[in-house]
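*Asks:* Quick one: the structure is below, and I'll ask about it shortly.
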Amino acid sequence: MNKRRIVITGAGVISALGFSANALYQSLLDGRSAVRAMPEWQGQIPVGPDNVTAAPVELPPEMSKSITRHYRRSMGNAALFATLAAQAAVEQSGLSAAELSGGRTGCVISSTIGSSSEVYESTKAVIEKRFNELSACQFFRIVSHSSAFNVANFFGINGVQLSPCSACASSLQSIGLAYEQILAGRQEVFLAGGSDEVTPIVVSSFRHLYALADSRELMPQEQSRPFDARRCGLVCGEGAGILVLEEYEHAQRRNAPILAEIAGYATNCTGSQISQSDSSSIESCMRLALDDAQVSTDEVDYISAHATSTVAGDREEAAAIRAIFADRVPVSSCKGHLGHTLGASGALESAAVLEMIRHGVILPTGNLEQVAEDCAGLNLPLAPVQRQIKTALKNCIAFGGVNASLVFKMPA
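Numbering of the sequence shown is given in my numbering, commencing with residue 22 and proceeding in unit increments.
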């Protein structure tokens, strides 16, 4: 029995470097950084120095107001980002309202915590006994599947709704779940991806984990530097990435644009420690995804690494990639420019991969100047590389030891 083919027919992006997949790609190509100092958070980070950096989305008011209050009132920023990104993805795909609400379209969108800003504000109101300021809508903004049900409600989607919550692997698992659901014949179309927002409470959490960049020797825009010898931790970002996944023949019947094919997917976990994944489990995940895609290691043209700029995380992922590919395949990470967009990162960076496939350009890792000894032996381009990308591999790795890998193919 032939395996069903799953294609991507739309991609929507809300990011600190642009509000479309192409705008994000152009910003990355130009070497722009979204990272800046956050003086407005002075005194709100309870641990560590106050030289906090982040990569926030500067959303124009008219974009936010384009979602009417009827829908907007149950949305925190994460759900708002997801809805705006989903609008763009649906528009590109050409899906009609009837197709979205016909029962054969599903929605799988994730985030790490729902709306962390709403968690902060509602908790503060309780502590200060300002109970009259609490509202029922805050519950709908806070829950971890807020982005999923808000997007489903906005479009009238009544098929399968899912929302994996696996930290920084969440949105890649969302795409993988959508792929598996369509593969099994349970749905024909999915809106899939993730969203997250950056707030002092999020940054504080990473500070407590000793995972946050805090070098006083580097400018804010230089703090996130995956694979680099001077890397010292991650920088938190925010945004959303939503893809439209569709069964190939369904897409053909409606003459939908085909951006790429999802050929394979895998997810696993380390199962021995909660702080990070080890190289052997990451390696296993990549091999499982390649096996699912029936793709050999020699066929992979590019790897979009998770690489958050933490010392241990980059080291383990580099070792896993090296064990499979040696230095043959170009590897890069978007996080030097974009920061770590947490639960949105897999989908946002997948949208960037789609643009690299379209343009035939491999983008370098931002701020990578001197490859660290523990990341040596990889093909890490320092400038854009013109190259046809027929097959690309995307990794996501999360606290809790969660790994996910997707295989993309150029549209035939």
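Where is the CB? At the ideal position from N, CA and C, for every residue including glycine. Fair warning: this is a prediction, and the values are worked out from it, not measured in the lab.
With a threshold of 8 Å on Cβ separation, who are the neighbours of Ala-310 within its own chain once the five nearest residues in sequence on each side are excluded?
*Replies:* Excluding sequence neighbours, Ala-310 sits near Gly-285, Tyr-286, Ala-287, Leu-414, Ser-426, Leu-427 and Val-428.
*Asks:* With DSSP as the reference, identify every bridge partner of Ile-324, one or two as the case may be.
*Replies:* Answer is Val-352 and Leu-414.
*Asks:* What does His-361 pair with, by DSSP beta-bridge criteria?
*Replies:* Looking at the DSSP assignment, His-361 forms a beta bridge with Cys-257.
*Asks:* Using a 10 Å radius around the Cβ and a threshold of 16 neighbouring Cβ atoms, would you call Glu-370 buried or exposed?
*Replies:* Buried, by the Cβ-count rule.
*Asks:* Using the DSSP secondary-structure output, state which residues sit across from Glu-282 in a beta bridge.
*Replies:* Val-28 and Lys-430, per the DSSP bridge assignment.
*Asks:* Any chance the region 86-95 sits against the region 159-171, with 3 or more Cβ pairs inside 8 Å?
*Replies:* Enough Cβ pairs lie closer than 8 Å, so yes.
*Asks:* In chain order, what residues of the same chain lie with their CB nearer than 8 Å to the CB of Ser-41, ignoring the 5 residues before and after it?
*Replies:* Only Gly-33, Val-34 and Ala-109 meet the Cβ criterion.
*Asks:* Name the DSSP bridge partner or partners of Asn-289?
*Replies:* DSSP output for Asn-289 lists Asn-424 as bridge partner(s).
*Asks:* By a C-beta neighbour count over all protein chains shown, 10 Å radius and 16 as the cutoff for buried, is Tyr-200 buried or exposed?
*Replies:* Under this definition Tyr-200 is a buried residue.
*Asks:* Quick one, which of His-361, Ala-314, Gln-63 and Phe-161 has its alpha-carbon nearest Glu-218's?
*Replies:* That would be His-361, whose Cα lies nearest to the Cα of Glu-218.
*Asks:* Are the beta-carbon atoms of Cys-189 and Ser-366 separated by less than 8 Å?
*Replies:* Cβ atoms of Cys-189 and Ser-366: closer than 8 Å.
*Asks:* Determine the direct distance from the alpha carbon of Ser-325 to that of Lys-411, and round the result to whole angstroms.
*Replies:* Approximately 14 Å between the Cα atoms of the pair.
*Asks:* Mark Val-321 as exposed unless 16 or more other C-beta atoms lie within 10 angstroms of its C-beta, in which case mark it buried.
*Replies:* Label assigned to Val-321: buried.
*Asks:* According to DSSP, is Phe-235 part of a helix, a strand, or is it coil?
*Replies:* Residue identity differs from the one stated: residue 235 is Asp in this sequence, not Phe. Coil, per DSSP.
*Asks:* Within the same chain, show all residues whose beta-carbon is closer than 8 Å to that of Val-392, passing over the 5 residues directly before and after it, in chain order.
*Replies:* Correct list, in chain order: Phe-248, Asp-249, Ala-250, Leu-399 and Leu-401.
*Asks:* Once DSSP output is grouped into helix, strand and coil, what is the label at Asp-312?
*Replies:* If DSSP states are grouped into helix, strand and coil, Asp-312 belongs with the helices.
*Asks:* What residue from Glu-154, Cys-290 and Gly-180 has the CA that sits closest to Gln-208's CA?
*Replies:* The residue with the shortest Cα to Cα distance from Gln-208 is Gly-180.
*Asks:* Compute the Euclidean distance between the alpha carbons of Leu-121 and Cys-128, then round it to the nearest angstrom.
*Replies:* Their Cα atoms are separated by approximately 10 Å.
*Asks:* Hey, which unbroken runs of the alpha helix (DSSP H) at 4 residues or more fall wholly within the region 184-232?
*Replies:* You should have 191-204 and 221-229.
*Asks:* At 4 residues or longer, and completely inside the region 139-188: list those alpha helix (DSSP H) runs for me, N to C.
*Replies:* The qualifying runs are 157-163 and 167-176.
*Asks:* Helix, strand or coil for Asn-400, going by three-state DSSP, please let me know.
*Replies:* Strand, per DSSP.
*Asks:* Do you know whose CA, among Thr-126, Ser-301 and Ala-419, lies nearest His-271's CA?
*Replies:* Nearest of Thr-126, Ser-301 and Ala-419 to His-271, Cα basis: Thr-126.
*Asks:* Decide if Pro-385 is buried, meaning its Cβ has at least 16 other Cβ atoms within 10 Å, or exposed.
*Replies:* Pro-385 is buried by the Cβ-count criterion.
*Asks:* What residue from Ile-279, Glu-337, His-327 and Gln-409 has the CA that sits closest to Thr-30's CA?
*Replies:* Ranking the options by Cα distance to Thr-30, first place goes to Ile-279.
*Asks:* Look up Val-73 in the DSSP assignment and say whether it is helix, strand or coil.
*Replies:* Coil.
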